[in-house]
Structure formats: C-alpha cells, structure tokens
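Notes follow once the structure below has been shown.
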Amino acid sequence: MATKDAPVNNPMLDPVTGEYRVIAPGHTFKSVTEEVSRIVLTSHTPLGWWFGFLIAGTGVGMLMVAVTYLFVKGVGIWAVTIPVAWGFAIVEFVWWIGIGHAGTLISAILLLFKQGWRNSINRFAEAMTIFAVMCAGMFPVLHLGRPWLGYWLFPYPNTMNYWPQFRSPLMWDVFAVSTYATISVVFWYIGMIPDLATLRDRATSKIGQFTYGILSVGWRGSVRHWVRYETASILLAGLATPLVLSVHSVISLDFSVALLPGWHTTIFPPYFVAGAIYSGFAMVLTLAIPIRKFYHLEDLITIRHLDNCNKVMLATGLIVAYGYSSEVFMAWYSASHWEYFMMWNRMFGPMGWSYWTLITCNIALPQLLWSRRLRRNVLFTFIMSLIINTGMYFERFVIIVTSLTRDYLPSSWGTYRATKWDYMTFAGTLGFFTFCFFLFIRFLPMIPMSELRLMLPQAKVKAKPEPFSGTPVPEAGD
Amino acid sequence: MPLPEGLYGLMAEFDSATDLVHAAKAAYKAGYRRMDCYTPYAVEEAAEAIGFHRDEVSLVCLIGGVLGLVAMYGLETWIAVWAFPLNIAGRPYYSWPAFVVPAYEWTILWSGIAAAFGMLALCGLPKTYHPVFNAPNFRNGATTDKFFLCLESTDPKFAAEEARSFLEAQSPVSVVEVEY
Numbered sequence: 000m001a002t003k004d005a006p007v008n009n010p011m012l013d014p015v016t017g018e019y020r021v022i023a024p025g026h027t028f029k030s031v032t033e034e035v036s037r038i039v040l041t042s043h044t045p046l047g048w049w050f051g052f053l054i055a056g057t058g059v060g061m062l063m064v065a066v067t068y069l070f071v072k073g074v075g076i077w078a079v080t081i082p083v084a085w086g087f088a089i090v091e092f093v094w095w096i097g098i099g100h101a102g103t104l105i106s107a108i109l110l111l112f113k114q115g116w117r118n119s120i121n122r123f124a125e126a127m128t129i130f131a132v133m134c135a136g137m138f139p140v141l142h143l144g145r146p147w148l149g150y151w152l153f154p155y156p157n158t159m160n161y162w163p164q165f166r167s168p169l170m171w172d173v174f175a176v177s178t179y180a181t182i183s184v185v186f187w188y189i190g191m192i193p194d195l196a197t198l199r200d201r202a203t204s205k206i207g208q209f210t211y212g213i214l215s216v217g218w219r220g221s222v223r224h225w226v227r228y229e230t231a232s233i234l235l236a237g238l239a240t241p242l243v244l245s246v247h248s249v250i251s252l253d254f255s256v257a258l259l260p261g262w263h264t265t266i267f268p269p270y271f272v273a274g275a276i277y278s279g280f281a282m283v284l285t286l287a288i289p290i291r292k293f294y295h296l297e298d299l300i301t302i303r304h305l306d307n308c309n310k311v312m313l314a315t316g317l318i319v320a321y322g323y324s325s326e327v328f329m330a331w332y333s334a335s336h337w338e339y340f341m342m343w344n345r346m347f348g349p350m351g352w353s354y355w356t357l358i359t360c361n362i363a364l365p366q367l368l369w370s371r372r373l374r375r376n377v378l379f380t381f382i383m384s385l386i387i388n389t390g391m392y393f394e395r396f397v398i399i400v401t402s403l404t405r406d407y408l409p410s411s412w413g414t415y416r417a418t419k420w421d422y423m424t425f426a427g428t429l430g431f432f433t434f435c436f437f438l439f440i441r442f443l444p445m446i447p448m449s450e451l452r453l454m455l456p457q458a459k460v461k462a463k464p465e466p467f468s469g470t471p472v473p474e475a476g477d
Numbered sequence: 000m001p002l003p004e005g006l007y008g009l010m011a012e013f014d015s016a017t018d019l020v021h022a023a024k025a026a027y028k029a030g031y032r033r034m035d036c037y038t039p040y041a042v043e044e045a046a047e048a049i050g051f052h053r054d055e056v057s058l059v060c061l062i063g064g065v066l067g068l069v070a071m072y073g074l075e076t077w078i079a080v081w082a083f084p085l086n087i088a089g090r091p092y093y094s095w096p097a098f099v100v101p102a103y104e105w106t107i108l109w110s111g112i113a114a115a116f117g118m119l120a121l122c123g124l125p126k127t128y129h130p131v132f133n134a135p136n137f138r139n140g141a142t143t144d145k146f147f148l149c150l151e152s153t154d155p156k157f158a159a160e161e162a163r164s165f166l167e168a169q170s171p172v173s174v175v176e177v178e179y
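Right, here's the structure in full:
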C-alpha cells in the first residue's frame, strides 16, 4: 500500500511495502542500545527534566495536603453525599484504571498478535499502566471513610471472627484490581531484566553498577535462560490478556449489578473495556509525543507508531460510540419509564452539558482520525489524545454523577458540585502519575533494548553461512 | 563446599548470531554437551543448536494457576458456607457464580507469579556471581551486540588445547580462557 502524502525518497518509508518503518534504517545493535541507555546512564540530568519533575512534585505535595486533610476531617470535605455517594473519587478510580488498560493491551495482546511495532512503546506503556493503577487504587481506599481499615477487605483470620462477603462486586473489585496491579508489575519487571543487565554492563558509576546489578538478578544472556524467558513472556502475555479484559468488566459490574437506571445494563462490560483501551491509547500518545521530542527518539518511536495508535483509538472509539447508541436505543426500546427519563436527564437535564461534552470529545471530534494526513500529524495527534482523555473523564462523570443525582424517587433527587478538595485530589494524582513517570524515564530503560535488537534485520539467523575470504571451516553449515 | 578453582571454560566471541549458531551446531556435532551461548537478545536457534529443546516454565505456570484457582474457590466456599454464612437477599450460601470472579483472578495471579518467578528459579537466578563475567570481553558486549559460545571444562570431552583449536576453527573474533 503506497503512501502518497510523503515523498518517495523519505528514508522512513520502507521501499518494498511503502509503509512507514517501525525503526529508522541504518541502526545497529550498538546504536539502538546506546540511544536508549544514554538517557539513563548520563550523569547530566537535562534542565527540562528538572522543570517537569518540579511541577509534578508540586502536584504530589498538593495530593499530600488533600489526603492529610481528608484523614483529619473525613470524606465530608468532598462533595459526596446522598444521593451522589460516589462522586469524583469513583469517577477518577475508573478513569485511571481505564488508562492503565492500554499498557497491558500493548504489552500483552499485541505481543500475542505478533505486532512488532509495539516493541518501542510497550515498556513505557506498561509503566504508565502501573502508575495509573497506583493512582486508581488510592481512590476507593480514600473513599472508604475510614481508610486505615482498608485491609478489612482482604480475607484474613482475625479476632473479630469476621470474613468478607464474596457475593458483592465491590469485593470482586478488590481481587481484580490487586491482581491487575501485581501482574502488571511482575510483567514489567521480568521484561526489564535483560535491559537492566545491559545497563549494569554499561554503567560507569559504582552506584549504577551496583543498583542495576542487583535489579538484573545476575542475568547473563544465556540462551537457555532466553528460551525460558520467552516462554514466561508469552505465558504472562497470555495471562494478562484475559486479565485486562476482566478488570474493567469487573469494575463495570460494580455498576451494572446495581438497579439504578443508567447503571443496570448488560452492555457495560464490553463497552467499559473498549473505553478503557480508548483512553489508554490516548494517554500513551499524550506521554509518547513529548518524550520522543524531548529525548530525540523519533527514530524509535516513529510516525508508524502514532498512526497505529490513532487507528486503535478510532476503532475503540467506534465501539464506545456503539455503546452510547445502544444505551440510547435500550432506553427507548425497554419502554421503561425510568430508563427513558434517565436518558432524557442525561441529555437535557441540569447536567446535560457533560453529556454533550462527552459526545463531542469521544465521538464527534475523533472522526477526524479517518484522515491519514491528520493521523500522521504529530501536533494534531497530541491534541486529539488530550481531547479523548477529557471525553473519557466525562463518560465516567456522566455514568456516575448524572445517574445518581436523579434516580427513581423525585423526593430523593439531589445535585452535585465538586469541592476544591475534590479538584485538589484529582490534580494531585495527575501530579503523582507524572512524578513517577519522570523518575521512570530518568532511571529505567523506557524502550526495551533487547526487543529492539530482535527487530533489526541483522538479528535473523541466516540458514547458510555467508561466503568469506578466510580459510574454509569444515562443517560450518549443518 | 570449597569453591571450584581453575579453568571454567573457553569462550569464543562472535560478531553475529549466524556465526554463533553455526559454531554452536558444529560444537554439538563434535560431541560437546556442556556449553552455553550468551546473546544480547533471544536467539532460539542457538538454544536448539546446543540441544536445549524444552523448558518447564509452562508446567510451573499451570501448577501455580491450579493452586490459585483451588485456593480462592475453596476459601470463598468455606467462608460463605461454613465460617461466616450470611443471608444476602435470600441467595444460597453456596452461590458459586459469584465466586467465579475472585477465583478467576487468583488463577491468573498465581499462574503469572509462578511463570515469572518459576522462570527465574529454573534459570538459577538471582545469582550474585558467575564465572563468565570473568572473561575480559564479556561485559563489553554480551548484553549489547556480541555473541558468545562457552565450552565448559566440566564436559567429559573437554581438553583445553583441543577445545581451543576447535573454537578457533569457527572463525571467532577471539577465544579467551574463563577462570572460576
């Protein structure tokens, strides 16, 4: 499939297929290794990094203040009350965990489908997953009211003779999210071991050699180890795939098992998963575009990656659009007065603005991604990723807040207006997420070097030895 | 147990995976069995060449998964039926469909943990010391762009002179001795 919008002699285009390359041509094992490891191993920390780190650190400080005050005063400082008992906290829980899903999709599902292009972006997409799950995990605990008793959620023998109640979706959530966090960390770390070994061998400082030496657990690149490592990677990918599909499904069950109009619907599991991947890819692009610019990684994170991510966003965006239409259709088709009112209230009630923002950000504007030219435009992609992230935030806001404000009984209707503590907590987690990400790109290899090497053309083992000029070797070819 | 001393093996360095695989095949054909290849990325052909065909990671993973499944499903059943029976909206104590979700998650959790840490354990990792790092050129390239074949001295066929001339016939970049 030839591309017409780029000059034919563009080195980033593959002359055979006409597609954009995944890695720029002319790279060697050494050059890809150097390009990635230099970011970590340099003793000079760029000024821009410090600048961003400081801003993110301010966000962390804000989170600390917000959470401390929450511990002192209780959840009353947030806008949560009856009828909206699940305010921003749960909106943000669902939003963050959804963002995490793209990391697992890229690292696991695309690995199983042998999508080689994923290799440049999977490591930091996984890091994004972990930090997003960390942010997500904070909210249900902070929302408990007595967060210091959060461990009561886990089944353990105790003097109260009390055990958790496993018929509740909230209990399922505990296991889904904790499993997801654990497996994501394990997958991420195992995938990083060979690269940590590279850093260990290339580090010049004693601290670097020692730290990366400990972290790389003595990896020496034995092919026996590589075979087991590859098996473990495939298995972990195979396990992470049903896991990631189950996590957001289980979260959606928190809603759909309830009887509230707007929540009680069977479309939720698939539509939540698609939405999660949608927002996750948007976040991948939000992070990847500044990073590749700042660290000059255009050779490794190429237009092909942006284009492919955009295509995934377009596809999942259409699934999400189908979910929205299905909700509207079912509201009419069910002939249920409550469902019908719920949809009318979403569109034209006092919070109708949030529904139309959601439709604009998630369905209308992303249709521009049909254009190949725009999909390959870096600035446009960046802006679009921010728009989609906003849209997905509003999706969760509409589902949670708008549905809760007006349920069956008009006498129990209410309204919702987030407080400054709600906003501070949210902004604080954004800061925390970026803070972790800055540390990650400074101290860990953000692009998997061992997988990049595997993608270079010279990595393939040739069937016959190439003719050479030296003395002939007996039995060299078998 | 006293630490072993003397020669661990002979290590040949190659520039490409192709050279390495051909040398490894030749070594296997020549009768060497205790040897290993070291590569900066996964070269499955090299593992095949030195006669390493099966790994037990899948089995460990399966065992972990079954244990996780049984543990969580059993725990839920025990809690809901015997330890702490609660009447939740008239549902039966043994309401198995609700137990599926945590049991499913724990199957994945424990098979994943078993696959990851089982893989490391089967590799004998973590390890704080290994003789191959004593080779002067090893750390310079084994995790970047060089390929190594190490014939180990514990091989019954191993004789230092013969092994050296064998390796040198494979057109390596260099052949070095590796001490314990």
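Top to bottom, those sequences are chains Y and Z. Taking numbering that gives the first Met the number 0, I'd label the letters of the first sequence as residues 0 to 477. Taking numbering that gives the first Met the number 0, I'd label the letters of the second sequence as residues 0 to 179. Idealized CB from N, CA, C, for every residue including glycine.
Q.
Check this for me: beta carbons of residue 39(Y) and residue 96(Y), under 9 Å apart or not?
A. Along the first sequence, one-based indexing puts residue 39(Y) at 40. Along the first sequence, one-based indexing puts residue 96(Y) at 97. No, the pair does not count as a contact, with Cβ atoms beyond the cut-off.
(Q) For residue 147(Z) and residue 37(Z), which I take to be in contact (beta-carbon distance under 8 Å), what is that distance rounded to the nearest angstrom? (A) Position 148 of the second sequence, counted from the first residue, corresponds to residue 147(Z). Position 38 of the second sequence, counted from the first residue, corresponds to residue 37(Z). Right, their Cβ atoms sit about 4 Å apart.
Q | Rounded separation between residue 401(Y) and residue 325(Y) - CA only | A | For the purposes of this step, residue 401(Y) is taken as the residue at position 402 of the first sequence. For the purposes of this step, residue 325(Y) is taken as the residue at position 326 of the first sequence. Between residue 401(Y) and residue 325(Y), the C-alpha separation is close to 18 Å.
Q: Return the CA-CA distance between residue 237(Y) and residue 318(Y), expressed in angstroms with no decimal places.
A: Here residue 237(Y) refers to the residue found at position 238 when the first sequence is read from its first residue. Here residue 318(Y) refers to the residue found at position 319 when the first sequence is read from its first residue. Inter-residue distance for residue 237(Y) and residue 318(Y) is about 23 Å (C-alpha atoms, whole angstroms).
(Q) So with CB distances below 7 Å, who are the chain Y contacts of residue 127(Z)? (A) What you label residue 127(Z) is simply residue 128 of the second sequence in a count that begins at 1. The contacting residues are 217.
Q | From 136(Y), 206(Y) and 141(Y), residue whose alpha carbon lies closest to that of residue 505(Y) | A | In this structure chain Y extends from 0 to 477, so residue 505(Y) is not present and cannot be described.
Q) So, does the CB of residue 173(Z) fall closer than 9 Å to a CB anywhere in chain Y? A) Start at 1 with the first residue of the second sequence, and residue 173(Z) comes out as number 174. No, its Cβ sits nowhere closer than 9 Å to a Cβ of chain Y.
Q) Roughly how many whole angstroms lie between the Cα atoms of residue 44(Y) and residue 100(Y)? A) Numbered from 1 along the first sequence, position 45 holds the residue referred to as residue 44(Y). Numbered from 1 along the first sequence, position 101 holds the residue referred to as residue 100(Y). Spanning the two alpha carbons is a distance of roughly 31 Å.
(Q) Please report the distance separating the alpha-carbon of residue 145(Y) from that of residue 220(Y). (A) As a first step, residue 145(Y) must be located in the first sequence, where it is residue number 146. As a first step, residue 220(Y) must be located in the first sequence, where it is residue number 221. Answer to the nearest angstrom: the Cα atoms are 49 Å apart.
Q. Since residue 154(Z) and residue 32(Z) are thought to touch, with beta carbons under 8 Å apart, how far apart are those beta carbons, to the nearest angstrom?
A. To locate residue 154(Z), count along the second sequence from 1; it is residue 155. To locate residue 32(Z), count along the second sequence from 1; it is residue 33. Yes, residue 154(Z) and residue 32(Z) are in contact; Cβ-Cβ is about 6 Å, under 8 Å.
**Q.** Which listed residue (390(Y), 376(Y) and 261(Y)) has its alpha carbon closest to that of residue 360(Y)
**A.** Counting from one through the first sequence, the residue named residue 360(Y) turns up at place 361. That would be 390(Y), whose Cα lies nearest to the Cα of residue 360(Y).
Q: Return the CA-CA distance between residue 110(Y) and residue 117(Y), expressed in angstroms with no decimal places.
A: Mapped onto the first sequence, residue 110(Y) falls at position 111. Mapped onto the first sequence, residue 117(Y) falls at position 118. Roughly 8 Å separates the two Cα atoms.
(Q) Against chain Y, which members of the segment 101-114 of chain Z pass a CB distance test of less than 8 Å? (A) 101, 103, 104, 105, 107, 108, 110, 111, 112 and 114: these are the residues of the segment 101-114 of chain Z whose beta carbon lies less than 8 Å from some beta carbon of chain Y, given in chain order.
Q.
So the candidates are 197(Y), 232(Y) and 205(Y); which of them puts its Cα closest to the Cα of residue 216(Y)?
A. Here residue 216(Y) refers to the residue found at position 217 when the first sequence is read from its first residue. Here the closest residue by C-alpha is 197(Y).
Q: Check the DSSP bridge columns for residue 149(Z) and list the partner residues they point to.
A: The residue labelled residue 149(Z) in the question sits at position 150 within the second sequence. For residue 149(Z), the pairing in a beta bridge is given by DSSP as 10(Z) and 35(Z).
Q: Could you have a look at residue 299(Y) and say whether DSSP puts it in helix, strand or coil?
A: The residue labelled residue 299(Y) in the question sits at position 300 within the first sequence. Coil.
Q. Relative to the alpha-carbon of residue 213(Y), which residue among 379(Y), 229(Y) and 194(Y) has its alpha-carbon at the smallest distance?
A. For this step, residue 213(Y) is matched to residue 214 along the first sequence. Closest option to residue 213(Y), Cα to Cα, is 194(Y).
Q) How is residue 232(Y) classed by DSSP in three states: helix, strand or coil? A) Indexing the first sequence from 1 puts residue 232(Y) at position 233. Three-state DSSP puts residue 232(Y) in a helix.
Q: Tell whether a beta-carbon distance below 9 Å holds between residue 41(Z) and residue 19(Z).
A: Counted from its first residue, the second sequence places residue 41(Z) at position 42. Counted from its first residue, the second sequence places residue 19(Z) at position 20. In this structure, residue 19(Z) does not lie closer than 9 Å to residue 41(Z) by Cβ.
Q: Flag residue 3(Z) as yes if its beta-carbon sits less than 9 Å from any beta-carbon of chain Y, otherwise no.
A: The residue labelled residue 3(Z) in the question sits at position 4 within the second sequence. No, residue 3(Z) lies away from the interface with chain Y (no Cβ there is under 9 Å from its Cβ).
**Q.** Three-state class that DSSP yields for residue 216(Y) in the structure shown
**A.** Your numbering for residue 216(Y) matches position 217 in the first sequence. Coil.
Q) What are the boundary residues of the alpha helix (DSSP H) that residue 174(Z) is part of? A) Here residue 174(Z) is taken as the residue at index 175 of the second sequence, counted from 1. First-last for residue 174(Z): 173-178, but that is the beta strand (DSSP E), not the alpha helix (DSSP H).
Q. Leaving out the 5 sequence neighbours to the left and right, which residues in its chain are closer than 7 Å to residue 60(Y) when beta-carbon positions are compared?
A. On the first sequence, position 61 is the one that residue 60(Y) refers to. None.
(Q) Can you give me the C-alpha to C-alpha distance between residue 407(Y) and residue 261(Y), rounded to a whole angstrom? (A) Taking the first sequence and counting its residues from 1, the one referred to as residue 407(Y) is at position 408. Taking the first sequence and counting its residues from 1, the one referred to as residue 261(Y) is at position 262. In a straight line, the C-alpha of residue 407(Y) is about 11 Å away from that of residue 261(Y).
Q.
Less than 9 Å between the C-beta atoms of residue 242(Y) and residue 294(Y), yes or no?
A. Residue numbering aside, residue 242(Y) sits at position 243 when the first sequence is read from its first letter. Residue numbering aside, residue 294(Y) sits at position 295 when the first sequence is read from its first letter. No, these two residues do not count as a Cβ contact at 9 Å.
Q.
According to DSSP, is residue 407(Y) part of a helix, a strand, or is it coil?
A. Looking up residue 407(Y) in the first sequence gives position 408. Shown here, residue 407(Y) sits in coil according to DSSP, grouped into three states, outside any helix or strand.
**Q.** Rounded C-alpha distance that separates residue 66(Y) from residue 12(Y)
**A.** For the purposes of this step, residue 66(Y) is taken as residue 67 along the first sequence, with counting starting at 1. For the purposes of this step, residue 12(Y) is taken as residue 13 along the first sequence, with counting starting at 1. Approximately 50 Å between the Cα atoms of the pair.
Q | 7 Å Cβ shell around residue 141(Y) - same chain, five flanking residues per side excluded | A | Position 142 of the first sequence, counted from the first residue, corresponds to residue 141(Y). Correct list, in chain order: 66, 69 and 88.
Q. Which whole-angstrom value is the C-beta distance of residue 455(Y) and residue 26(Y), which I expect to be below 8 Å?
A. Translated into positions along the first sequence, residue 455(Y) becomes position 456. Translated into positions along the first sequence, residue 26(Y) becomes position 27. Confirmed, Cβ separation roughly 6 Å.
Q.
Let me confirm a value: residue 140(Z) is counted as buried when at least 16 other C-beta atoms fall within 10 Å, else exposed. Which label applies?
A. Position 141 of the second sequence holds residue 140(Z). Residue 140(Z) is buried by the Cβ-count criterion.
Q. Among the residues of its own chain, which have a CB less than 7 Å from the CB of residue 67(Z), if the five just before and after it don't count?
A. Working through the second sequence from its first residue, we reach residue 67(Z) at position 68. When the five nearest sequence neighbours on each side are left out, the beta carbons in the same chain lying within less than 7 Å of the beta carbon of residue 67(Z) are those of 105, 106, 108, 109 and 110, in order along the chain.
Q. From residue 177(Z) to residue 3(Z), what does the alpha carbon distance come to, in whole angstroms?
A. If you number the second sequence from 1, residue 177(Z) lands on position 178. If you number the second sequence from 1, residue 3(Z) lands on position 4. Between residue 177(Z) and residue 3(Z), the C-alpha separation is close to 13 Å.
Q.
9 Å is my cut-off, CB to CB: does residue 43(Z) come that close to chain Y?
A. Walking along the second sequence from the start, residue 43(Z) turns up at place 44. So yes, residue 43(Z) belongs to the interface.
Q) Buried or exposed: which applies to residue 98(Y), given that a residue is buried once 16 or more other Cβ atoms fall within 10 Å of its Cβ? A) On the first sequence, position 99 is the one that residue 98(Y) refers to. Burial call: buried.
Q) On the three-state DSSP scale, how would you describe residue 12(Y)? A) Numbered from 1 along the first sequence, position 13 holds the residue referred to as residue 12(Y). Here residue 12(Y) sits in strand by DSSP.
Q. Would residue 250(Y) count as contacting chain Z if we go by Cβ distances under 9 Å?
A. Sequence index remark: in the first sequence, residue 250(Y) carries index 251 (1-based). So, not an interface residue.
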